[in-house]
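Chemist: Sequential numbering of the sequence shown, starting at 33, is according to our numbering.
Quick reminder that beta carbons are idealized off the backbone N, C-alpha and C, glycines included.
What follows is a single structure, and I will ask about it in a moment.
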Amino acid sequence: MPKPDTNPLCLATLMNAAPRCTTTSKRIGKKCKGPAVRGWTVCRFHGAGGGAPEGERNGAFRHGGRTCEAHTIRKLAMLMRRTLP
């Protein structure tokens, strides 16, 4: 069995082999070159895994007035008001 060229336990080698971020800088027009987050094409600085969590985990749903159910109820009420004389 031939000896491998690189040490598989060397972390620097593993980090260099990681897929890279695909975003480009507005200012200089070059690629980011940061390691992309697993399952994403961008790094942690450019939006991988970003955004607020959905539903009750968000923390903004204190009274339920902005939930999907409340939104559809308001929409139906508005349509009913338009159609009734």
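#1: Of the choices P51, G97 and H95, whose alpha-carbon is the least far from that of G71?
#2: Taking the alpha-carbon of V69 as reference, which of H78, K63, N39 and K62 has the nearest alpha-carbon?
#3: In the DSSP assignment, the alpha helix (DSSP H) including L41 goes from what residue to what residue?
#4: Measuring only the C-alpha atoms, how far is E101 from K107?
#5: Taking DSSP's pairing of strands, which residues face R52 in a bridge?
Modeler: Checking against the coordinates, here is how it stands:
#1: P51
#2: H78
#3: Taken as a continuous stretch (DSSP letters only), L41 belongs to no alpha helix (DSSP H), as it is neither H nor E.
#4: 10 Å
#5: P67
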